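Structure record follows, encoded as structure tokens.
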Ligand SMILES: Cc1cc2nc3c(=O)[nH]c(=O)nc-3n(C[C@H](O)[C@H](O)[C@H](O)COP(=O)(O)OP(=O)(O)OC[C@H]3O[C@@H](n4cnc5c(N)ncnc54)[C@H](O)[C@@H]3O)c2cc1C
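Residue numbers (our numbering): 117 to 537.
Below, the structure written as structure tokens:
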């Protein structure tokens, strides 16, 4: 039976590019089919709208000590900048600045939140939601849950598996890349066989693995699928024969969370130094404070972060609503007139929630579904000729670029070992 290629890779994000890099090293012919018109997937740097690199998706090199992309970034001459994890330049309580003692209490509550989650997970027993493990009722507890749960995880802590949160916890160094994380990932695609604008809609397994899309068909010996679990759950890619029940369950157990960024160009006159962080105390149900990073790398813009249900709602409403929301949040610190003066340009709002090629930002696990990542990573469809890779498949560094890259490499090795030489 004639094959066009040894291994087809679906998706040119970090996982797909990691897989293609490994396959090239293993001497396997491969082709990466990417639906979009650019590489990098959820690692995407764009400079046109803010006049400086802006990472719409990933921007922090999480767990830099163990991140496979740290040495690569250094070798390629990228500029890494260490960041402080939580210290806030301005912390608002209502309309006033928190005192140093109140800031210290806020930081202590965040530490206690993480310690409580770890302690509860260490007890073992059935999985529970993060919300069941962390402190409630203290002055800063809801705010800590808002930052560490809803914002960073992109999902409310009551929906999120404690076991998965602990298993995939991100500790260690967290530098940012001045040129942009997306720029680094795009650089890694150079020289790899990638076809852009080539969506795959169906994968059939019989004598060959046949990938079908509007651009035609490709016959391969094996295939690595790296699209997000959001895309898989939405039926953006169909399989024939259909997926086994345990794989369907694993996909359903790993939905996409949402973290949105809204960036405003400007910021002069606010008296804030590079990398200033702003946040405010959550003022009850219905309040959704944004976390702000002002003047990253000394650049003239500010980036507001919003996660969870509020981010999904805003994504549905569109960019104008997102901009109004962001300006209103920032106005609490400086007043609406000062915000209008300091940020005279239109905002840039990310669209991960509404983009059908992603369907969200990164995965979390439903309560009880902490084992789903291993199921997806280990799934061997069509006698092992079809494998999954991507951030959802990494059992330690899920939700990261480094984890996606490593998972692509692992899938490439496993699949290559299965196929005849
Ligand atoms: C706002 C935000 C902030 C983040 N912050 C960080 C961070 O600071 N640090 C960090 O490490 N990670 C961060 N992440 C997560 C990180 O970006 C992802 O974990 C990682 O990039 C996922 O890579 P992937 O290859 O698994 O998936 P993707 O990047 O989603 O790649 C899959 C590719 O498949 C393509 N595709 C979809 N459907 C089809 C189809 N039918 N046919 C062909 N191609 C298709 C998509 O276009 C995409 O390019 C963030 C993500 C977001 C959105």
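All C-beta atoms, glycine included, are put in the ideal place defined by N, C-alpha and C.
What you are looking at is a predicted structure, and each value in this text was computed from that prediction instead of being measured.
Residues of the same chain with a CB within less than 6 Å of the CB of residue 229, apart from the 5 flanking positions on each side, are 250, 260, 264 in chain order. It is roughly 39 Å from the alpha-carbon of residue 358 to the alpha-carbon of residue 239. Per DSSP, the continuous alpha helix (DSSP H) segment holding residue 229 begins and ends at 216-238. Minimum Cα-Cα distance from residue 475 among the listed residues 350, 529, 414, 531 corresponds to 350. Taken in chain order, the whole alpha helix (DSSP H) runs of length 4 or more contained in the segment 447-490 are 452-458. Check the Cα spacing between residue 295 and each of 232, 287, 469, 193: the tightest is with 193.
A direct Cα-Cα distance of roughly 9 Å separates residue 472 from residue 346.
For the segment 340-372, the full-length alpha helix (DSSP H) segments reaching 4 residues or more read 345-349, 361-369 along the chain.
C-alpha of residue 451 to C-alpha of residue 394: approximately 14 Å in a straight line. When beta bridges are read from the DSSP output, residue 310 appears opposite 148. Boundaries cannot be given for residue 284, as no beta strand (DSSP E) includes it and DSSP labels it neither H nor E.
The segment 162-181 and the segment 511-521 touch, with no fewer than 3 CB-CB distances between them shorter than 8 Å. In this structure, DSSP gives residue 174 a state outside helix and strand, which the three-state scheme calls coil. Beyond the five residues adjoining it in sequence on each side, residue 144 comes within less than 6 Å, by CB distance, of 122, 123, 532 in the same chain, given in chain order.
One Cα belongs to residue 515, the other to residue 281, and the distance between them is close to 11 Å.
In the same chain as residue 367, and ignoring 5 residues on each side of it, the C-beta atoms closer than 6 Å to its own belong to 345, 348, 349, in chain order. Distance from the CA atom of residue 312 to the CA atom of residue 400, rounded to whole angstroms, is 46 Å.
As computed with DSSP, residue 206 is found in a beta bridge with 394. With distances taken between CA atoms, residue 158 lies nearest to 372 out of 435, 372, 492. Leaving aside the five residues that flank residue 422 on each side, the residues in its chain whose CB is nearer than 6 Å to its CB run, in chain order, 376, 406. A residue is called buried once 16 or more other Cβ atoms fall within 10 Å of its Cβ, and residue 456, having fewer, is exposed.
In the DSSP annotation of this structure, the continuous segment of the alpha helix (DSSP H) that includes residue 428 starts and ends at 425-433.
Across the structure, residue 270 and residue 535 are spaced so that their CA atoms are roughly 38 Å apart.
Non-local C-beta neighbours of residue 320 in its own chain, meaning closer than 6 Å and more than five positions away in sequence, comprise 326, 356, ordered along the chain. Residue range 325-329 is occupied by the beta strand (DSSP E) that includes residue 325. Residue environment analysis places residue 277 among the buried positions, since at least 16 neighbouring C-beta atoms fall within 10 angstroms of its C-beta. Assigned with DSSP and collapsed to three states, residue 441 falls in helix. Beta-bridge annotation (DSSP): residue 319 is paired with 327, 355.
Spatial neighbours of residue 470 in its own chain (CB-CB distance under 8 Å, excluding positions within 5 residues in sequence) are listed in chain order as 431, 432. The DSSP-derived three-state label of residue 419 is strand.
Judged by DSSP secondary structure, residue 532 falls within the alpha helix (DSSP H) whose first and last residues are 517-534. Sequence-distant partners of residue 120 (beyond 5 residues in either direction) whose C-beta falls short of 8 Å from its own C-beta, in its chain, are 147, 334, 335, 336.
When beta bridges are read from the DSSP output, residue 267 appears opposite no residue. Per the coordinates, the alpha-carbon of residue 435 lies some 28 Å from the alpha-carbon of residue 274. In this structure, the C-beta of residue 315 approaches ligand 1 to less than 7 Å from one of its heavy atoms.
Between residue 483 and residue 243, the CB-CB gap stays under 8 Å.
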